[in-house]
Amino acid sequence: MNNTLFIHDRFAEFYKENASIIKPPSKISQREFGFFTFKKDIVIRHKGFLNVKDLRNYVKQIIPSHAYYSAAYYETPEESMEKKGWLGADLYFDIDADHIPTKCRKIHDTWKCKKCGFQGRGIAPAECPICSGRGFEERKWPCEICLESAKYEAIKLLDFLIDDFGFSHHEIQVSFSGHRGYHIQVESEKIRELDSSARKEIVDYITGTGLNPIYHGLQGTPRGRHVTSGPHMDEPGWRGRIARGTHEFLLSIRKEDLEDLSLKKKLIDEIISRREEILRSWEKEGPWSLIRGAGVETWKKIIGKAIESQSAIIDTVVTTDIHRLIRLPYTLHGKTGWLKTPIPAEKIEEFDPLSSAIAFKRGEATIYVEEAPEFRIGEETFGPYKNIKVELPLAAAIFLLCKDAAKVVD
Amino acid sequence: MTLTREDIAKYPFLADAAEEVRRVNLEIQSLDNPELESIIKRAANRIREALENNPPRVSYRKRQEDIEIPSFPVAIIMAASSGSNYIKRRYALGEAIRAYNLLIEEEREKILEVAKAFNWRIRQVKDIIGNRRFDFALSFIDYLRNTKPFHEERFKLVNKPLIKGDVYLTKREAARLLQEEVRKRIEDKLNMEIRLKLPDRLLNQIENLKRKYAGYKEKRILEEAPKEMIYEAFPPCIRQLLSAAKSGQHISHLGRFTLTSFLLNIGMKIQDIVDIFRSSSDFNERLTRYQIEHIAGSRGSGTKYIPPSCETLKTHGLCPDFEACGNVKHPLASYRRRMRTFKKE
Ligand SMILES: [Zn+2]
Ligand SMILES: [Zn+2]
């Protein structure tokens, strides 16, 4: 039996029993829906539904490998793009481990040259070192470290949305994406009509793009040779973030970190040797005026590191695109067989995607695994596997099949 | 809100213009009446001031409410029926700057009143953040709506105190944002269709203004593309995208759009652009050509696209070195500037 057919049949069984958990977006009749099916390259777009019953029946009938709805509201969602009549859109954020430079990626992500079959780890090169081919099959693993770092970015983003932008918990929906990240959706009359350029300003705020610390309290002498004051850790907004990020950076500072910022050697020595004093200074005014020779430009470099750590890594294109399609909650993700799973915002820290997003809770399957790193589903850990036939719980088997790391054994 | 006659003279856009005209019994048809001479004169003068001052600025005449107030709606009618976008835009800006200059002299309460007349979600505060004192807290939604055309770094949202959904502003900043709101409101009024038959005397005045000023055409933002193409003058973002495309590396959708629209705008042929993407692992000639033709405007909507601004490229991480371009806001502008220096060498 071929893999695709096997996965299709399991998805079909799942939807037959569980289509009722699919969570419709609000104002369902104003949304556009889109689907990928298991038949290669078949994409269904510009679908509209008047009620949730029709939507669920449709999913049961076509068995999508991926199901999406629009963050946008339209007068006539089934029309072509130009004729839909855009009415507004939810504010949408996508956090994906793809954008986070975790160290484990070099270990668990693999690529394979389509031409000669040569394989490597990490991100695919521009060109195959053996045959100079340029096409690769890439396989990315949702490992626990990657999932944790995505969660950390989501928590930072929530902090921006609640403390800075003033959204309340009931306006914010957090979900696990079903693969390697988190989705955060803000649904509120206030923001519905924001255009793309306003959304871009929100993105810039959250990523710290274009931030100049002199507008957040970094003050110096007229020519900037000495800094006279800077923001404090308990202040709101970016002021506090700059201070806390700077504190964090200096807390674990190593000589090499400062060399990377291309600071003068004398300055580096002074910062390193006076570390204790710098850390104590946060109890009062902070270290801003403490280091002689560290002017506005020097501090801007250090604050650059603070901005990096305090900003949230989001997919900038998703948020500024006011026509974006996003995954439908409680549908299966075709690359994992896991569910896109909504989470109450205040519960995100203890959320475990590898238990909560598992769809297939019964049954086993025997598969032949080509290669897979160790992974966990629920309480159980599997692998690593290499060229081996194993009988696994269905959830684990489907996961490896969806990842194209295994073959069905008849 | 209670507006005094003086307030309406200062901020005439807040009043119902039609009602004002009625108030002085100023029927459009009676504008030929010589008694109204001074009102029409002042109306024409308002427009003239906007056109002659640089930056455009309309004056405020103290204690002349009987002329200041009705001359505003008359000026609107005149500017609107000029049919010249240049005159309309200049006049709207001139009135907006007039309002700004009056607002910064006002008490905070008055600014609050004017802002509320525009439905701003705003409140007065006396907060000190860092060591700066702020006067107002404004919903970030209203803030973004009114700072859209601003390009100064200090007005970027990321450089503002933003607490629980409110942007903290000084009095002067609030007035600056109101200026933008006023400009938009007046432009909207000017773009409404006028279906009145205007008296000859007014039409003459309008003709005079047009003859004298509408000749000033705005400089087009995007000049005609030069004939030759000089690779060395490409800005860093385009160079980076180009070499990625040529070596078949993955380029984001926005990256492809930026590169393609840039090359089209500087006059590269569609076939040559298709060839650039040939190394891509998922290259599909038909699809690539289709996409390029779409961006060139020869398909679909017929709109010819231009590349995103430098700011947008920065947001999406496509600008590798924004200092290299100096004070330029668009990759095409950067290219033209580099072309000029390149040719001099
Ligand atoms: Zn190869
Ligand atoms: Zn990982």
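Respectively, the protein sequence lines represent chains A and B. The first sequence begins at 1 in the working numbering and counts up one residue at a time. The second sequence begins at 1001 in the working numbering and counts up one residue at a time. The C-beta atom is built at its ideal place from N, Cα and C for all residues, glycine as well.
Indicate whether at least one CB of chain B lies closer than 9 angstroms to the CB of residue i.
i: S197/A; result: yes
i: I191/A; result: yes
i: R180/A; result: no
i: H46/A; result: no
i: A345/A; result: no
i: K200/A; result: yes
i: A126/A; result: yes
i: W238/A; result: yes
i: E308/A; result: no
i: S229/A; result: yes
Comparing C-alpha positions only, which one of the options sits nearest to residue i?
i: M1268/B; options: R1286/B, N1284/B, T1288/B, I1230/B; result: I1230/B
i: F11/A; options: C402/A, E259/A, I100/A; result: C402/A
i: R199/A; options: R239/A, E138/A, T320/A; result: T320/A
i: L1014/B; options: I1040/B, F1118/B, R1046/B, L1112/B; result: F1118/B
i: T76/A; options: I100/A, F33/A, I44/A, H108/A; result: F33/A
i: E1037/B; options: T1315/B, F1136/B, R1201/B; result: R1201/B
i: K1164/B; options: Y1335/B, R1176/B, I1122/B, S1279/B; result: I1122/B
i: E1107/B; options: A1296/B, D1275/B, D1007/B, K1314/B; result: D1007/B
i: Y1335/B; options: G1130/B, D1135/B, E1232/B, F1140/B; result: E1232/B
i: K1149/B; options: L1178/B, V1167/B, Q1291/B; result: Per the sequence shown, residue 1149/B should be read as Pro rather than Lys. Of the candidates L1178/B, V1167/B, Q1291/B, the one whose C-alpha sits nearest the C-alpha of P1149/B is L1178/B.
i: G88/A; options: K190/A, N2/A, I268/A; result: K190/A
i: V369/A; options: T336/A, E283/A, K407/A; result: K407/A
i: P1012/B; options: I1069/B, R1063/B, R1061/B; result: I1069/B
i: T1288/B; options: V1274/B, S1279/B, K1314/B; result: V1274/B
i: F49/A; options: F399/A, R31/A, F14/A; result: R31/A
i: I1238/B; options: K1314/B, N1085/B, N1146/B; result: K1314/B
Could you name the residues that DSSP lists as bridge partners for residue i?
i: F1136/B; result: Q1124/B, L1169/B
i: L332/A; result: L339/A
i: Y1011/B; result: Y1011/B is not bridged to any residue.
i: C113/A; result: F136/A
i: S175/A; result: H183/A, P342/A
i: A71/A; result: Its beta-bridge partners do not exist; DSSP assigns none.
i: Y385/A; result: A372/A
i: H66/A; result: F36/A
9 angstroms is my cut-off, CB to CB: does residue i come that close to chain A?
i: K1314/B; result: yes
i: N1284/B; result: no
i: S1334/B; result: no
i: H1330/B; result: no
i: I1221/B; result: The predicted position of I1221/B is uncertain, since its pLDDT is 34 and thus under 50; a value taken from the coordinates is nonetheless stated next. Cβ-Cβ to chain A under 9 angstroms: no for I1221/B.
i: F1140/B; result: yes
i: T1260/B; result: no
i: E1311/B; result: yes
i: T1147/B; result: yes
i: N1159/B; result: yes
i: R1256/B; result: no
i: G946/B; result: Shown here, chain B extends from 1001 to 1345; a query on residue 946/B therefore has no answer.
i: R1154/B; result: yes
i: S988/B; result: Limits of chain B in this structure are 1001 at one end and 1345 at the other, which puts residue 988/B out of reach.
i: G1094/B; result: no
i: I1129/B; result: yes
i: L1163/B; result: As written in the sequence, residue 1163/B is Ile, which differs from the Leu given in the question. Yes - at least one Cβ of chain A is within 9 angstroms of the one on I1163/B.
Identify, in the order they occur along the chain, each residue of the same chain with its Cβ nearer than 7 angstroms to the Cβ of residue i, setting aside the five sequence neighbours on each side.
i: G224/A; result: G295, V296, E297
i: P329/A; result: K23, S175, K340, P342
i: K300/A; result: P213
i: H216/A; result: P231, W238, R239, I242
i: R56/A; result: A19, S20, I22
i: H1330/B; result: S1309, C1310
Within the same chain, show all residues whose beta-carbon is closer than 6 angstroms to that of residue i, passing over the 5 residues directly before and after it, in chain order.
i: A124/A; result: W111, F136, E138
i: E349/A; result: none
i: K335/A; result: H179, C402
i: A1244/B; result: I1251
i: K1217/B; result: With a pLDDT of only 43 at K1217/B, under 50, the local geometry of the prediction cannot be trusted, and the value read off the model is given with reservation. Correct list: empty, nothing qualifies.
In chain order, what residues of the same chain lie with their CB nearer than 8 angstroms to the CB of residue i, ignoring the 5 residues before and after it?
i: I1087/B; result: I1047, L1051, A1079, L1209, K1210, Y1213, A1214
i: Y1290/B; result: R1299
i: R1057/B; result: E1049, A1050, G1094, I1097, R1098, N1101
i: E1223/B; result: Bear in mind that the predicted position of E1223/B carries a pLDDT of just 40, short of 50, making it unreliable; the figure below should be weighed with that in mind. The answer, listed in chain order, is R1336.
Chain A contacts from the segment 1165 to 1194 of chain B (Cβ-Cβ distance under 8 angstroms): G1165, D1166
Near-chain B residues of the segment 201 to 218 of chain A (beta-carbon distance less than 8 angstroms), N- to C-terminal order: E201, I202, V203, D204, Y205, T207, G208, T209, G210, L211, N212, Y215, H216, G217
Can you list, in chain order, the residues of the segment 316 to 335 of chain A whose Cβ is nearer than 9 angstroms to any Cβ on chain B? The segment 316 to 335 of chain A vs chain B, Cβ under 9 angstroms: T316, V317, T320.
Contact set between the segment 153 to 170 of chain A and chain B, restricted to residues whose Cβ is under 8 angstroms from the partner: D163, D164, F165, G166, F167
At a Cβ cut of 8 angstroms, what residues of the segment 134 to 151 of chain A count as close to chain B, listed as they run along the chain? R134, G135, F136
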